[in-house]
Structures are given as C-alpha cells and as structure tokens.
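As numbered in our numbering, the sequence shown has no gaps in its residue numbers, which increase by one up to the final residue, 214.
Ideal placement from N, C-alpha and C gives every residue a C-beta, glycine not left out.
Just so you know, these numbers come straight off a predicted model, no measurement behind them.
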Amino acid sequence: MGIKPASIIYLRLRKQVGLPPGSPIKLGDVARVLAEPDQEAKLLSLVLVRPESRDGNLIVIDMLHVIRVIREQFPEIQVEFVGEPHVLVELVSKEKKPSPILFVLVWLLLFFGAALTIMNFHADVSMPEVQVRIVEMITGERDEHPYLFQAAYSMGLGLGMIVFFNHLFKKNWNDEPTPLEVEMFLYQENLNHYIIAEEYKKMPNDSVREKAP
2 MGIKPASIIY
12 LRLRKQVGLP
22 PGSPIKLGDV
32 ARVLAEPDQE
42 AKLLSLVLVR
52 PESRDGNLIV
62 IDMLHVIRVI
72 REQFPEIQVE
82 FVGEPHVLVE
92 LVSKEKKPSP
102 ILFVLVWLLL
112 FFGAALTIMN
122 FHADVSMPEV
132 QVRIVEMITG
142 ERDEHPYLFQ
152 AAYSMGLGLG
162 MIVFFNHLFK
172 KNWNDEPTPL
182 EVEMFLYQEN
192 LNHYIIAEEY
202 KKMPNDSVRE
212 KAP
C-alpha cells in the first residue's frame, strides 16, 4: 500500500458530525489525521461504516473500531489517539425551507406569550402603584397615569433584554454566547451523552462495531 514500516499517525476524532444519509462514513469525515503526506490521502479515504436503514439516523463510532479498520488495511501503522474516544455521526437530510405561515404563527405565539408573562408579573408585584409612587417621589406630585415614566420604563425593559441576550435579529453585539445559546449547548451535550451511552449498550461486548467497511 506504500505505507512506511513502523509509521506512526496521530488521529483526533470529532465530537459530532452531520453527513448525508446513504453515503459511506469515511475516516476523513469524522477525524483529523496527522501523517506523512503519502499516507494521509489513503487514510482519509478509508471507509469506517456503511450505514444501513436499521442503524437509524444516529451512529456512534469509537476509537477501537477506527483502529481495527486502519490495522486491517495498514498493519504496520501505529495509531496514536488524541482527544475524544468516540464520534457521534448524525445522518441529516437536506433542510427544508421553513414555512412562512408557520414562522408567523410561532412568532405571534412567542410574542403574546412573552407579553402576557411580563404583564402578569407586573400585576403580581403591583407595578403600576410602584411607578406612581416613584414618580411622586421624584416630582413631588402624584400622577395616577405616569405615561412618560412608563414609556421610558418599557423602552429600558426592551433594551435590557437585548443587552442581556446579546442578540438583535441576526446581529450579536460581541463574541460572547447568549444565555440561550449556552443553555442550548448544555442541552445538546447532555443529549449527546445519553445517545452515546445508549448506542454503546447496543454494541458487542468488545465495544467495537462489527460491521465491515
């Protein structure tokens, strides 16, 4: 195969990758490889798994399976692993364009839901009475309808939410992730851990996929 004797390659599996269904999963799809130039192309083209319909859309490939495939093709190679011991492969179809009607319905649902939440909170803490009292303390006069103060309060509430979430439409104010993005990341991490644990239970006792490339 043109591989030098006693060659050492360094391999790092990715945490998660998305690939189109029906295509074979190659080493280059799921890992980064550090090897001699004449070795790298051959290694990256190695087929690790040929997905079948019974596999579903989530496949876990662990380092032992990768080592087995490499050693079958290149017995002289010594594999040094760095990083993750497995990779989660998600077979994803082409994304459909979101329906404008569905987008509008979801937007309205979120808008009115958020508005009702804020109004119910203000009603629970008697915010109108508090605002009247604040205006009276500032101006010395009691105004049962402090519209100017309420308008400024409403704009400040909106601006505060924009600053807190660090997001306005598609624009971020800085490179820091938003609280929502952090929560979504943690949720995805926990979901991946669960999926990987379940997939390992389905593997043979040697924890290696027996499916031939």
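Express the C-alpha separation of residue j and residue i in angstroms, rounding to a whole number.
| i | j | result |
| --- | --- | --- |
| ILE119 | GLY159 | 11 Å |
| HIS146 | TRP108 | 31 Å |
| PRO22 | HIS123 | 50 Å |
| SER1 | MET64 | The structure shown does not extend to residue 1, since the chain spans only 2 to 214, so no value can be given for it. |
| GLU130 | PHE113 | 24 Å |
| VAL105 | PRO25 | 39 Å |
| GLU73 | GLU200 | 24 Å |
| PRO180 | PHE166 | 6 Å |
| VAL48 | ARG69 | 12 Å |
| ARG210 | GLU37 | Residue placement at ARG210 is poorly supported in this model, since its pLDDT is 43, which falls under 50; the coordinates are not used for a value here. |
| VAL183 | VAL164 | 15 Å |
| PHE186 | GLN17 | 13 Å |
| PRO86 | ALA115 | 42 Å |
| ILE60 | LYS43 | 23 Å |
Using the DSSP secondary-structure output, state which residues sit across from residue i in a beta bridge.
| i | result |
| --- | --- |
| HIS66 | Paired residues: none, contrary to the question. |
| LYS27 | VAL48 |
| LEU187 | Paired residue(s): none; LEU187 is not in a bridge. |
| LEU92 | LEU20 |
Give every residue of the same chain whose Cβ lies closer than 7 Å to the Cβ of residue i, excluding the five residues on either side of it in the sequence, and list them in chain order.
| i | result |
| --- | --- |
| PRO256 | With the chain covering 2 to 214 only, the question about residue 256 has no answer from this structure. |
| GLY29 | LEU45 and SER46 |
Check residue i in the structure and name its three-state DSSP category.
| i | result |
| --- | --- |
| ARG13 | strand |
| VAL80 | strand |
| GLU200 | helix |
| HIS87 | strand |
| LEU47 | coil |
| ALA32 | strand |
| VAL18 | strand |
| VAL126 | coil |
| VAL61 | strand |
| ASP207 | Any answer about ASP207 is weak, because its pLDDT of 46 lies below 50 and its placement is not dependable; what the coordinates show is given next. Three-state DSSP puts ASP207 in coil, outside helix and strand. |
| ASP144 | coil |
| PRO178 | coil |
| PRO99 | coil |
Of all the options the options, which has the alpha carbon lying nearest to the alpha carbon of residue i?
| i | options | result |
| --- | --- | --- |
| VAL133 | ASP125, VAL126 and ARG143 | ARG143 |
| GLN40 | VAL31, ILE78, ILE62 and SER24 | ILE78 |
| ALA32 | ASP125, ILE71 and TYR148 | ILE71 |
| GLU81 | ASN58, LEU35 and ILE60 | LEU35 |
| GLU137 | ASP176, PRO76, VAL83 and PHE150 | PHE150 |
| ILE10 | VAL90, GLU177, PRO178 and PHE75 | PHE75 |
| MET225 | SER155, ILE102, LYS202 and ALA115 | A question about residue 225 goes unanswered here, because the residues of the chain that appear run from 2 up to 214. |
| GLN189 | GLU91, PRO52 and ALA42 | GLU91 |
Excluding the five sequence neighbours on either side, which residues of its own chain have a C-beta within less than 6 Å of the C-beta of residue i, listed in chain order?
| i | result |
| --- | --- |
| VAL88 | LEU14, ARG15, VAL31 and ILE62 |
Kindly list the residues whose CB is nearer than 8 Å to the CB of residue i, restricted to its own chain and excluding five residues on each side of it in sequence; keep chain order.
| i | result |
| --- | --- |
| GLY141 | none |
| ARG55 | none |
So is residue i in contact with chain B if we call contact Cβ pairs under 7 Å?
| i | result |
| --- | --- |
| GLY29 | This model lacks chain B altogether, as it is built from one protein chain only. |
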